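Report on the following structure.
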Amino acid sequence: KARTESEDITKTSYKVSHLLARNMKTYSDGEIMKQAILTFATECCSSAIQQKAKKLQLSNTTITRRIECISNDQRDQLLEKSKQFVCYSVALDSSKDITDTEHLVVFIRGVTPDFTVYEEYLTLRSIHDSTKGTDIFREFRATLEEAYLDPSKLFGVATDGCPSMLGANRGLQGLINKWRYENHLAPVTWHHSIIHQESLIANSLNMSNVMDVVTTTVNWIRANALNHRKFKAFLADTEAEYGDVVMFTAVRWLSRASCLKRFYELLPEIKIFAEGKKDIPQLGNEVWVVDLACFVDITTHLSSLNRTLQGNNKFCHDLYSTATAFINKLCLWKTQLAGGVTAHFPTLSNHRTNGSFEICDLEVEICQHLAVLKNNFAGYFEGVISNSTALWVTFPLEAKLESIADDDPCKDELIDLQCSTTLHSKFLCKLIEEFPILTKHALEIIVPFIPTYL
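Spelled out as structure tokens, the structure:
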């Protein structure tokens, strides 16, 4: 009995430690949690439970040991699973901490023969010297060696767009390509951060006439503490819907839409507050306000797309669907605006109802913005869209054979698969045994690591 009770208490200690780590709390919070548990046990539980609560080990040192133990166990499990990978991809990103130490984070996605996909955090490596492509390549090689990962099974690498990553000669991309060529290994596929691409597309819009005024006004309101307090008090007195403006930060991609939307919704209050204090003629300019309303809707759509792209377990066919759907939406919105329909631009539509302008007055300008977005999306997402011929992996039984190249060895097996009536209900199991080329190609389509959270 004593041994069982001790095991239960230790198990609880591990679970609490894991809870703290998952919620990114400091390890010393374990001691506060123990005090809370003891308080509850004292007030609501029997003496036997109170004695168990007192034995619970949640000190800072204990929590540290528990988390290290959990981390090592998870790593061992991942390394054991990686032995079964048919192929794998990695995603890398580097960033500085508050001490200016560079850290390289590595994620791995591997797929087993039965199409089970594992996507996990692999390691975090500190770089204390320079952060050139050679330094990142050194840490990359060390990561593969320490994790006992077979380089021949590496199929794809995903990074952001900094020169040390993508340099063709001295960057990570060039060094990996050279390393694989010298060792007679197949070249890897490369993917650029999808979220970063979407942000670059948003920056391609000519929004300076709106953003400059908005950021200048917001900074004027919030830069001076007294002015900021007066503004918030003014909003409270007027019973405004919101209590403050939102600042825009270029490195926080979603802040643009939030900043513009809040500014537009507080525009009447901002205009009154600025009277006699700061000359901002654009606030009373109807054309400028309509531009603001238009950009509120466009950036809101981009933020919605950004959130859709975020997260793990995103595959090539998912991103292809998302990118092509948004491009088609841009074409639809452009056509609708040409006909005077603003259904997908609620802010602009509401301003149109309450204002005196007609959509035809701004039709050309708005359509130009949408055309720029469409062209840039088609360019930046060309790598994703060009993979449309590989989308047969999503619905292999319904795939169009003409979308596959004639010299692709998968085509013959795909024909056999589609024509086999007995395999339609259990094709995955049979796929591995009877269609090895098709299976390998499908696994290579699934495994590329499209980075959506770097």
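Residue numbering for the sequence shown follows the working numbering, starting at 2 and increasing by one per position. Cβ atoms here follow ideal geometry from the backbone N, Cα and C, with glycine treated the same way. It should be emphasised that the depicted structure is a prediction, and the values quoted were computed from it without experimental measurement.
In this structure, does DSSP put residue i in helix, strand or coil?
i    : result
K2   : For K2, the predicted model reports a pLDDT of 47, less than 50, meaning its position is unreliable; a value from the coordinates is still stated below. Looking at K2 - three-state DSSP - the assignment turns out to be coil, as it is neither helix nor strand.
D94  : strand
R171 : coil
F240 : It should be pointed out that residue 240 corresponds to Glu in this sequence rather than to Phe. Looking at E240 - three-state DSSP - the assignment turns out to be coil, as it is neither helix nor strand.
F116 : coil
E287 : helix
I99  : coil
H370 : helix
F467 : This structure gives no information on residue 467, because the portion of the chain shown stretches from 2 to 455.
G157 : strand
C88  : strand
V106 : strand
S131 : coil
E276 : coil
H193 : strand
L80  : helix
Y149 : coil
Can you give the Cα-Cα distance for residue i and residue j, rounded to whole angstroms?
i    : j    : result
S47  : T40  : 12 Å
D413 : G157 : 26 Å
L59  : S95  : 33 Å
N61  : S29  : 5 Å
D130 : F296 : 43 Å
P437 : K84  : 19 Å
A42  : E8   : 19 Å
I367 : V106 : 41 Å
S153 : T113 : 15 Å
T11  : A148 : 29 Å
L227 : R171 : 52 Å
L21  : K56  : 19 Å
K315 : A443 : 15 Å
T63  : D409 : 57 Å
D115 : I137 : 33 Å
M34  : E6   : 20 Å
A339 : M208 : 21 Å
S72  : G175 : 33 Å
L306 : T300 : 10 Å
H302 : I328 : 12 Å
A159 : D417 : 34 Å
S350 : E287 : 14 Å
H370 : K16  : 52 Å
A379 : C317 : 16 Å
A241 : Y265 : 12 Å
T348 : D213 : 20 Å
A275 : N377 : 37 Å
Q51  : A37  : 12 Å
Any Cβ of chain B within less than 8 Å of the Cβ of residue i?
i    : result
H193 : This model lacks chain B altogether, as it is built from one protein chain only.
For residue i, which residues of its own chain have a beta-carbon under 7 Å away from its beta-carbon, when the five flanking residues on both sides are left out?
i    : result
N178 : P188
R263 : Y243, V246 and V247
E364 : L338 and A339
T239 : E270
W221 : K279
Excluding the five sequence neighbours on either side, which residues of its own chain have a C-beta within less than 8 Å of the C-beta of residue i, listed in chain order?
i    : result
Y89  : S83, I109, R110, G111, V112, L150, K154, L155, F156 and V448
L145 : P152 and L155
K2   : Interpretation of K2 is limited by its pLDDT of 47, a score under 50 that renders its predicted location unreliable; no figure is taken from the coordinates.
C260 : V215, T216, V219, V246, V247, M248 and F249
L236 : Y243, G244, D245, L267 and E270
Given residue i, which residues of its chain have a CB within under 6 Å of its CB, disregarding the five upstream and five downstream residues?
i    : result
F346 : D298
V211 : D292, L293 and F296
E103 : S95, K97, I128 and T132
L167 : Q174
Q: Could you tell me which uninterrupted alpha helix (DSSP H) segments, each at least 4 residues in length, are contained entirely in the stretch 292-367, listed from first to last along the chain?
A: As far as the stretch 292-367 is concerned, its whole alpha helix (DSSP H) runs of at least 4 residues are 317-339 and 347-355.
Evaluate contact between the stretch 315-326 and the stretch 278-285, counting only Cβ atoms and requiring at least three cross-stretch pairs below 8 Å.
-> Short answer: they don't touch.
- request: Flag this pair as touching only if the stretch 168-188 and the stretch 116-128 have three or more C-beta atom pairs under 8 Å; answer yes or no.
  value: These segments do not touch.
**Message:** Any contact between the stretch 221-238 and the stretch 267-279? By contact I mean 3 or more CB pairs, one from each, below 8 Å.
**Reply:** Because the criterion of three Cβ pairs below 8 Å is met, the stretch 221-238 and the stretch 267-279 touch.
**Item:** Unbroken stretches of the alpha helix (DSSP H), 4 residues or longer, contained in the stretch 7-68
**Value:** The alpha helix (DSSP H) runs lying completely inside the stretch 7-68 and spanning 4 residues or more are 30-45 and 48-56, given in chain order.
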